[in-house]
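Worksheet: the structure to be examined is printed underneath.
In my numbering, the protein residues as written are 2 to 388.
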């Protein structure tokens with residue numbers, strides 16, 4: 002994983018961390034009490050002797066479905082239930098403890114002396130349509146500092162790495178030569194906004210389409226006011242159609258955009274063919290005839306575009322990083338094609354920040370401001386911020 006840092010020649014960052022690599026080992030699919038079983042090799046820093054472990058998913062499929070129902074549907078619909086909320090909270094907390102125990106991390110965690118720990122999750126090179134991927138595990142629960150010796154690890158970050166990234170150890174070679182010479186300290190961001198513009202009594206049914214852009218512009222102005230050596234050049238796709246998105250990328254040299262930020266909806270569909278359930282992932286763009294429509298005719302103004310088509314465009318134009326504040330854009334339970342962010346990284350080794358669950362407008366605003374503030378002011382790497 003290559004850190005994404007836009008530093009001036011005077012900037013220096015000293016990395017002080019331990020790296021724990023959890024590498025999935027290919028094995029036949031095994032279920033025990035409704036829980037998938039996995040085999041891994043755990044390596045601490047450059048230790049040549051990995052630790053072998055076999056463990057079960059701390060939650061059964063029924064448990065996962067219950068958690069997803071609460072986080073994705075009940076909260077989104079405003080149906081708060083204190084009993085379900087308490088049981089879900091307990092399930093999530095116990096998940097991390099059980100995962101920590103099964104992996105035997107405590108046996109070596111007391112020997113970690115550096116301030117930070119990076120846990121890198123690397124999947125095995127599996128078949129494209131498999132559902133038994135190690136990324137179904139809720140690895141982020143290991144970031145709970147209460148699991149670790151307090152004085153040893155003050156910050157724990159989980160990074161997920163696909164088999165494609167494993168092979169390249171960084172961004173895959175993109176098509177053609179980069180023809181754009183980047184200005185030092187400058188980050189070019191392309192923002193794609195595709196929210197429903199349907200209103201009722203002056204209020205949007207959907208999330209306010211200006212939330213993300215306003216958050217980025219506030220950080221941009223703060224950098225300019227403070228005369229920071231770092232700067233943001235923000236461009237917005239208008240209108241937010243897939244065709245306009247492709248034309249905007251094509252109008253710039255390859256490698257021009259550092260980040261493409263998708264402020265759109267995500268969707269995962271499922272189909273059953275020959276007793277096999279498959280999933281497909283999409284991002285929603287505005288209909289191509291959006292500009293021809295009247296304000297009162299804004300129903301069904303979004304159309305799904307397959308994730309593979311979007312990933313191909315990012316790869317073609319050598320975009321290394323993508324931010325998706327699209328609901329369930331990092332859903333780990335639908336196989337490879339049902340996980341939009343994983344599909345992006347599998348195809349092109351892109352670095353992705355995405356959402357596992359539904360996300361509200363207030364959460365999007367908070368996420369964008371904190372993400373870009375930490376990125377430009379605290380000079381944290383893209384990988385750390387996405388953790």
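We treat Cβ as the ideally placed atom computed from N, Cα and C, and that holds for glycine.
Nearest-angstrom Cβ-Cβ length linking residue i and residue j, presumed shorter than 8 Å
| i | j | result |
| --- | --- | --- |
| residue 256 | residue 325 | That pair is no contact at about 21 Å. |
| residue 191 | residue 217 | With 8 Å as the limit, residue 191 and residue 217 do not qualify as a contact, their Cβ atoms being about 11 Å apart. |
| residue 265 | residue 284 | 5 Å |
| residue 140 | residue 161 | 7 Å |
| residue 142 | residue 97 | 3 Å |
| residue 246 | residue 193 | 6 Å |
Proximity to residue i [Cα-Cα], best of the options
| i | options | result |
| --- | --- | --- |
| residue 41 | 32, 52, 33, 35 | 52 |
| residue 233 | 250, 258, 239, 247 | 258 |
| residue 220 | 161, 253, 374 | 374 |
| residue 107 | 116, 135, 148 | 148 |
| residue 376 | 310, 229, 59, 100 | 229 |
| residue 184 | 231, 93, 252 | 231 |
| residue 240 | 215, 289, 223, 226 | 289 |
| residue 109 | 43, 116, 319 | 43 |
| residue 186 | 194, 225, 87 | 225 |
| residue 305 | 316, 315, 320, 286 | 286 |
| residue 64 | 116, 82, 92 | 92 |
| residue 389 | 214, 244, 246, 116 | This structure does not reach residue 389, given that the chain is present from 2 up to 388, and the question cannot be answered. |
| residue 237 | 67, 116, 254, 195 | 195 |
| residue 261 | 244, 189, 317 | 189 |
| residue 263 | 61, 243, 253 | 243 |
Alpha-carbon to alpha-carbon, residue j and residue i
| i | j | result |
| --- | --- | --- |
| residue 21 | residue 45 | 5 Å |
| residue 269 | residue 114 | 42 Å |
| residue 50 | residue 323 | 35 Å |
| residue 168 | residue 312 | With a pLDDT of 36 at residue 168, under the threshold of 50, the modelled position of that residue is not reliable, and no figure is offered here. |
| residue 212 | residue 302 | 19 Å |
| residue 282 | residue 307 | 6 Å |
| residue 17 | residue 119 | 10 Å |
| residue 85 | residue 33 | 25 Å |
| residue 37 | residue 364 | 32 Å |
| residue 57 | residue 100 | 8 Å |
| residue 103 | residue 59 | 9 Å |
| residue 372 | residue 124 | 26 Å |
| residue 121 | residue 159 | 6 Å |
| residue 156 | residue 135 | 23 Å |
| residue 89 | residue 145 | 16 Å |
| residue 138 | residue 367 | 26 Å |
| residue 210 | residue 163 | 32 Å |
| residue 26 | residue 39 | 8 Å |
| residue 315 | residue 83 | 43 Å |
| residue 19 | residue 354 | 22 Å |
| residue 30 | residue 54 | 16 Å |
| residue 205 | residue 116 | With a pLDDT of 48 at residue 205, under the threshold of 50, the modelled position of that residue is not reliable, and no figure is offered here. |
| residue 94 | residue 61 | 15 Å |
| residue 310 | residue 317 | 11 Å |
| residue 352 | residue 24 | 19 Å |
| residue 70 | residue 223 | 39 Å |
| residue 48 | residue 28 | 24 Å |
| residue 87 | residue 68 | 11 Å |
| residue 150 | residue 66 | 32 Å |
Segment limits, alpha helix (DSSP H) that includes residue i
| i | result |
| --- | --- |
| residue 97 | 83–104 |
| residue 223 | 212–226 |
| residue 65 | 62–69 |
| residue 309 | 308–317 |
| residue 116 | Where residue 116 is concerned, there is no enclosing alpha helix (DSSP H), given that its DSSP letter is neither H nor E. |
| residue 245 | 243–251 |
Coil, strand or helix - residue i by DSSP
| i | result |
| --- | --- |
| residue 323 | strand |
| residue 111 | coil |
| residue 257 | coil |
| residue 53 | strand |
| residue 229 | coil |
| residue 125 | coil |
| residue 135 | helix |
| residue 196 | coil |
| residue 371 | helix |
| residue 147 | helix |
| residue 30 | coil |
| residue 141 | helix |
Boundaries (first-last residue) of the beta strand (DSSP E) holding residue i
| i | result |
| --- | --- |
| residue 23 | 18–26 |
| residue 159 | 156–162 |
| residue 41 | 36–45 |
CB contact check: residue i to chain D, cutoff 8 Å
| i | result |
| --- | --- |
| residue 67 | Of the protein chains in the structure, only one exists, and it is not chain D. |
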